[in-house]
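Each residue of the sequence shown is one higher than the last, beginning at 16 in the numbering used here.
No residue lacks a Cβ here, since even glycine has one placed at the ideal position from N, Cα and C.
Structure, as structure tokens:
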Amino acid sequence: MSTAPAAAALRFNARVASMQPSATLGMSARAKQLRREGHPVIALSAGEPDFVTPDFIRAAAIQAINDGFTGYTENLGMLPLREAICEKLARDNGLRFEPNQILCSNGAKQSVALAINALADAGDEVLIPAPYWVSYPEMTRLAGATPVALPTTVEGHYRVTPEALEAAITDKTRIYLHCSPSNPTGSVYPREELEALAEVLRRHEDVFIVSDEIYEYVVFDAEHVSLGAFAGLEDRVITVNGFSKGFAMTGWRLGYLAADLPIVKACAKIQSQFTSAPCSITQKAGVAALEMLKTDRTPMDEMLAAFRARRDYVLGRLNAIDGVVCPKPEGAFYLFPQVAPYYSTTAPSGRAITNSEDLCYYLLEEHNVALVPGHAFGDPAGVRISYAAAMSDLETALDRIETGLGQLR
Ligand code: PMP
Ligand code: GLU
């Protein structure tokens with residue numbers, strides 16, 4: 016006899032019921048499924064470096080296993096890792112923190128979620144520039160707070176202006192969520208624009224700032240500047256970073272936040288009851304990654320050179336397609352072209368294209384390229400392309416996109 020509860024009795028927590036699943040992970044899973052079924056899908060959906068973690072880091076993890084470093088660490092993360100993070104934040108970002116102000120977690124995703132959950136309450140608003148990373152609004156909803164999108168423009172390279180920020184902040188704004196280099200647009204805020212945003216934020220003392228800097232080391236011809244380094248904001252900026260992108264360590268699950276001590280304590284309290292510290296082996300690998308940053312950045316430079324060549328290639332191909340407009344991003348490994356002129360068309364198969372989802376499913380199911388629809392990022396006029404893929408795959412994918420779009424009438 017089935018022990019499954021009757022459908023009517025299956026009731027979920029209201030906050031969970033209000034959330035959407037991750038569109039980036041969802042699209043990537045769909046692409047993998049189609050590949051398993053034999054379709055030659057090229058997935059440009061996942062935001063994940065296509066490189067293996069550098070040898071030096073992998074060797075440190077193997078050593079940790081052989082040394083039997085297999086127990087729980089402190090909830091904040093092991094001290095040598097937090098010391099190394101403090102050193103890196105001081106050297107690369109001009110941020111001064113003590114090791115007890117660092118909380119290591121299972122990825123920057125968890126760090127952002129901890130910060131939102133620690134600070135935002137029911138009735139509070141979290142201000143999120145759009146296009147935004149898919150997880151920010153959903154994390155906000157899970158915390159019981161309200162996400163508020165702050166639209167940006169293509170002409171403004173998807174960056175928030177100080178005037179727009181000032182106009183969007185209300186009595187209810189609890190967090191301003193800043194992401195540079197940005198997922199999904201690749202935009203990087205120059206220092207002078209950050210100074211102007213900092214000027215606005217200084218005036219609003221009740222607003223905390225979560226600065227997601229996970230793409231810090233993926234920047235081209237641009238300087239990464241931390242918002243927390245601006246005078247007057249030190250106590251209110253929660254700096255989030257991690258190892259997934261810069262060191263090609265997505266599967267290891269290691270990120271961290273750095274903040275004023277009471278904020279770190281609140282986040283650590285949540286972590287202590289939910290997950291505890293991240294994997295001990297991974298933390299040893301994290302120490303090695305930060306060591307590599309000081310001694311030999313060659314593996315990272317190689318990845319960066321590959322990303323730059325791919326960005327230039329994909330950007331050139333996209334902007335050559337009729338009806339497609341894409342600004343040149345200075346960081347991360349995404350492009351966010353505007354494709355709305357294709358939203359009132361029909362494919363030769365008879366499929367009607369009315370929005371970003373229709374377009375992505377058309378390209379996936381009829382042309383074997385997986386992209387992520389812009390509506391999941393709060394900008395339905397665009398789609399996201401991750402160019403963290405081999406050049407030969409990008410060439411084929413762009414041929415397919417060009418053909419696919421060209422067949423729409
Ligand atoms: N922030 C942004 C903007 C991201 O794109 C990602 C990628 N998943 C993360 C945070 C989280 O990365 P991770 O949890 O792998 O450290
Ligand atoms: N950040 C990546 C992306 O945007 C990984 C998937 C995810 O965690 O959402 O595709």
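The alpha helix (DSSP H) enclosing residue i, as first and last residue numbers
i	result
Asp327	313–334
Phe71	70–81
Asn108	94–108
Gly171	That residue, Gly171, is in no alpha helix (DSSP H); it is neither H nor E in DSSP.
Val31	29–32
Met406	406–421
Glu210	206–218
Glu181	177–183
Ser60	Unbroken run through Ser60: none, as it is neither H nor E.
Arg111	Counting along the chain, Arg111 falls outside any alpha helix (DSSP H), and DSSP gives it neither H nor E.
Thr39	38–51
Bridge-paired residues (DSSP) for residue i
i	result
Glu140	Thr161, Thr188
Leu350	Ile400
Cys119	Tyr271
Thr254	Ser226, Ala273
Thr360	Ile368
Pro388	Val398
Pro166	Ala145
Val203	Val203 pairs with nothing; no bridge assigned.
Val339	BP columns for Val339 are empty, so no partner.
Val234	Gly346
Residue interval of the beta strand (DSSP E) (run including residue i)
i	result
Ile224	223–227
Ser197	Looking at the DSSP string, Ser197 is not in any beta strand (DSSP E), and its letter there is neither H nor E.
Supposed close pair residue i, residue j - CB separation, criterion 8 Å
i	j	result
Leu59	Ser401	5 Å
Ser371	Gly393	No, Ser371 and Gly393 are not in contact; Cβ-Cβ is about 11 Å, not under 8 Å.
Pro95	Val302	6 Å
Lys260	Pro69	That pair is no contact at about 13 Å.
Met154	Val387	Wrong, their Cβ atoms sit about 18 Å apart, outside the cutoff.
Pro146	Phe351	6 Å
Val225	Leu192	5 Å
Ala292	Thr88	5 Å
Tyr173	Thr200	4 Å
Cys101	Ile80	At roughly 26 Å, the Cβ-Cβ gap does not stay under 8 Å, so Cys101 and Ile80 are not in contact.
Arg425	Leu378	Summary: the structure shown does not reach residue 425, with the chain confined to residues 16 through 424, and so no result is reported for it.
Leu212	Val175	7 Å
Ala130	Cys282	6 Å
Asn256	Gly62	So it is not a contact: roughly 15 Å between Cβ atoms.
Ala347	Tyr230	4 Å
Arg206	Val163	Wrong, their Cβ atoms sit about 26 Å apart, outside the cutoff.
Arg30	Leu157	5 Å
Pro356	Gly338	4 Å
Ala320	Ile72	So it is not a contact: roughly 19 Å between Cβ atoms.
Ile57	Thr411	6 Å
Trp148	Cys194	6 Å
TODO: Any chance you could list the alpha helix (DSSP H) runs of at least 4 consecutive residues sitting entirely within the region 273–309, in chain order?
DONE: 276–289
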